[in-house]
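Peer 1: Right, I'll just put the structure down here and ask away after.
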Amino acid sequence: MAYNKLHKKDFTIAVKTGTESNKAKFAKECVKGEMYFATDSKKVYVANSDAGTLDASLTELSSAGQFDPSYELSQLGYSGGLFTSTNYTISTQPIMHFDAAILDGSDQANNPLNGVAVSTWGDRSGQGVNYDATQATGSAQPTFNVSGDDKYVSFDGGDFLDFTDYALPTAFNMVIVGNTNADANNFLPIGMNADSQYVILELGGTTYGISGNVVDNTYGPNYNSIQNFWATRDGSNNFNIYVQGGNSILSRSTATARTVSRLGKANNNFYHTGDIYELIIWNTDLSTADKNTINSYLANKYSSLPTLTAFA
Amino acid sequence: MKYSVHSTEEEAQAEIDRIEAYLGIPAVGTIQYADPEEVEGQWRFRVKESGPWKCDHVATNVVEE
């Protein structure tokens, strides 16, 4: 049928309405292609087959799908990544990007159900080198969780995910959204490939960086709610840890090399005890504009984040 | 954190085998429950206290540390 010869009568679409609880009844009597709108959940379903001796299978047409324009606009965009032009587009593709909202690194529609053990957290950076983080041993797998609009991976103090080692260059940036599940527990979202080496660690109220530490009654012991951290080093070896945007709590000059190796555990027996929502690493010191764009993206995405101070 | 503690590596591995059968491991994305580790002359492995791999309620010789 030629497009220009279509008439209004050709576009008849059967849409039935009801509640989620009555959807099963629809599956017993529908014909292939019919649609069902659940007025309580605002979800739309399409019948994949005729109802016969078996109920028809239904597919949800998600209003918040991977390629829904409004969803895409709210994502962090960069060349080479899953999203390239959004309300939060930056100029530099990260080396690795772990986003619990897109757990397999490719499509949020593949996210597991709340409470499922995580054997793979996919890297969504789109880089040629794949830094998917994996754990094949059940007792060491963290858990995927959903709370409202937020998705996060929970580490219970004995969990971790391994990825291919990556040697941080002199200039790098790392941004983390996460928390501990109690003030007394360790904040160790990313581990190195050698003992006693860290980029950011909070232990007993003291925050440690690549070099140096800070005992800070404002930040150090209070990571038990969702937090924003940056660990940065520029090309002149100026290393900083920032909390809630551009608030530097640790500043050192250090050229010490570090190689990141896993999520949730140091090379020795220090584990993260809490949640990780998102973790991104770049092999450069981003522009101030890009850092602030990333914080705007995170603040929009995680409504419970404290107010983030702009980088200046 | 809880551990199942045993006198020998073989006993610890046998308990891991029993727990894997209980939990349905191997499964997609999961090839084993745990490896036994030697600590101060005993063999132990960690048992999960929550989540889909929780087994502290069925494991033997559970010790909390």
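Respectively, the protein sequence lines represent chains A and B.
The first sequence: position 93 = 93 (our numbering), numbered continuously.
For our numbering, count along the second sequence from 1 and bump the result up by 1000.
Note that the Cβ used here is the ideal one computed from N, Cα and C, for glycine as well.
Here the structure is a predicted model, which is why all the values come from computation and not from measurement.
If you follow the beta strand (DSSP E) that Gln135(A) is in, where does it begin and where does it stop?
Peer 2: Per DSSP, Gln135(A) belongs to no beta strand (DSSP E) and is neither H nor E.
Peer 1: Identify, in the order they occur along the chain, each residue of the same chain with its Cβ nearer than 7 angstroms to the Cβ of Ala101(A), setting aside the five sequence neighbours on each side.
Peer 2: For Ala101(A), where only same-chain residues beyond five positions count, the Cβ hits under 7 angstroms are Gln108 and Lys151.
Peer 1: Which of helix, strand or coil does DSSP assign to Leu305(A)?
Peer 2: It is coil, neither helix nor strand.
Peer 1: Helix or strand or just coil, what does DSSP make of Thr1030(B)?
Peer 2: Residue state, collapsed to three classes: strand.
Peer 1: For Glu1011(B), collect the residues of the same chain with a Cβ closer than 8 angstroms to its Cβ; drop the 5 residues on either side in sequence, then sort them by chain order.
Peer 2: Here the set comprises Trp1043.
Peer 1: Quick check: is any heavy atom of the ligand HEM less than 7 angstroms from the C-beta of Glu72(A)?
Peer 2: Judged by which ligands are present, the structure shown has none, so any question about the ligand HEM falls away.
Peer 1: Measure from the C-beta of Gly1034(B) to each C-beta in chain A and report whether the shortest distance is under 8 angstroms.
Peer 2: Here residue 1034(B) turns out to be Ala, not Gly, going by the sequence shown. With 8 angstroms as the cut-off, Ala1034(B) counts as an interface residue toward chain A.
Peer 1: Is it true that the stretch 191 to 200 of chain A meets the stretch 122 to 142 of chain A, where meeting means three or more beta-carbon pairs spaced less than 8 angstroms apart?
Peer 2: No, the stretch 191 to 200 of chain A does not touch the stretch 122 to 142 of chain A.
Peer 1: Take the Cβ of Glu1037(B) as the centre, count every other Cβ of all protein chains shown within 10 Å, and call the residue buried at 16 or more, exposed below.
Peer 2: Answer is exposed; the Cβ neighbour count stays below 16.
Peer 1: In terms of alpha-carbon separation, which member of Ala117(A), Lys16(A), Ser147(A) and Asn130(A) lies closest to Ser313(A)?
Peer 2: No answer is possible for residue 313(A): it lies beyond the span of chain A, which begins at 1 and ends at 312.
Peer 1: Straight-line CA distance for Ala27(A) to Thr39(A)?
Peer 2: If you take the alpha carbons of Ala27(A) and Thr39(A), they lie about 16 angstroms apart.
Peer 1: Following the continuous alpha helix (DSSP H) through Arg1018(B), name the residue where it begins and the one where it ends.
Peer 2: Segment Glu1009 to Leu1023, the alpha helix (DSSP H) holding Arg1018(B).
Peer 1: From the DSSP output, read off the bridge partner residues of Gln227(A).
Peer 2: Partner(s): Gly178(A).
Peer 1: Give every residue of the same chain whose Cβ lies closer than 6 angstroms to the Cβ of Tyr242(A), excluding the five residues on either side of it in the sequence, and list them in chain order.
Peer 2: Excluding sequence neighbours, Tyr242(A) sits near Trp230 and Ser248.
Peer 1: Bridge partners for Leu250(A) per DSSP, in chain order?
Peer 2: According to DSSP, Leu250(A) bridges with Ile241(A).
Peer 1: Inspect the CB distances between the stretch 173 to 180 of chain A and the stretch 272 to 279 of chain A and report whether three or more fall short of 8 angstroms.
Peer 2: Output reads yes: the stretch 272 to 279 of chain A touches the stretch 173 to 180 of chain A.
Peer 1: Within the continuous alpha helix (DSSP H) that includes Ala27(A), where are the two ends?
Peer 2: Here the alpha helix (DSSP H) through Ala27(A) covers Lys23 to Glu29.
Peer 1: Mind checking who Arg1046(B) pairs with in its DSSP beta bridge?
Peer 2: The partner list for Arg1046(B) (beta bridge, DSSP) reads Tyr1003(B).
Peer 1: Is the CB of Ala182(A) under 8 angstroms away from at least one CB in chain B?
Peer 2: For Ala182(A), the answer is no, since every Cβ of chain B falls outside 8 angstroms of its Cβ.
Peer 1: Under a three-way DSSP split, which group does Ala100(A) fall into?
Peer 2: Looking at Ala100(A) - three-state DSSP - the assignment turns out to be helix.
Peer 1: Against Asp1053(B), what residues of chain A qualify as contacts under a CB-to-CB distance less than 7 angstroms, listed in chain order?
Peer 2: In the sequence under discussion, the amino acid at residue 1053(B) is Trp, which differs from the Asp named in the question. What Trp1053(B) touches in chain A: Ala117, Gly138, Ser139 and Gln141.
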